[in-house]
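Numbering (the working numbering), first residue to last: 2 to 89. Yeah, the Cβ is synthetic: ideal placement off N, Cα and C, and Gly gets one too. In this text, all values refer to a predicted model and were calculated from it rather than measured experimentally. Working notes for the structure below.
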């Protein structure tokens with residue numbers, strides 16, 4: 002699986018927004034994430050939107066095979082937004 006961290010949204014960093022975004026994403030047989038749903042907001046729509054966009058655009062899971070009639074499996078993802086972490 003490839004799981005990198007997104008860049009901190011610049012306005013969120015400027016105004017000191019921080020928090021934890023929890024989300025649920027569907028995983029395709031090719032290992033791509035889609036259908037991101039926020040299950041617990043960080044309290045900032047900017048941080049939540051950046052988290053979902055980054056996971057669906059950049060994160061990958063190991064490809065797998067599944068019955069085409071079965072619903073896509075979902076993964077729970079937690080992203081912590083913390084301005085004190087270096088490189089963010």
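Boundaries of the beta strand (DSSP E) in which residue i is found, first to last residue
i          : result
residue 77 : 75-82
Backbone secondary structure at residue i - three-state DSSP
i          : result
residue 70 : coil
residue 85 : coil
Beta bridge counterpart(s) of residue i as assigned by DSSP
i         : result
residue 3 : 61
Whole-angstrom C-beta distance between residue j and residue i, which should lie under 8 angstroms
i          : j          : result
residue 42 : residue 22 : 7 angstroms
Review point. Which ranges does the beta strand (DSSP E) cover as unbroken runs of at least 3 residues, wholly within the segment 7-63, from first to last along the chain?
Key: 20-28 and 34-41
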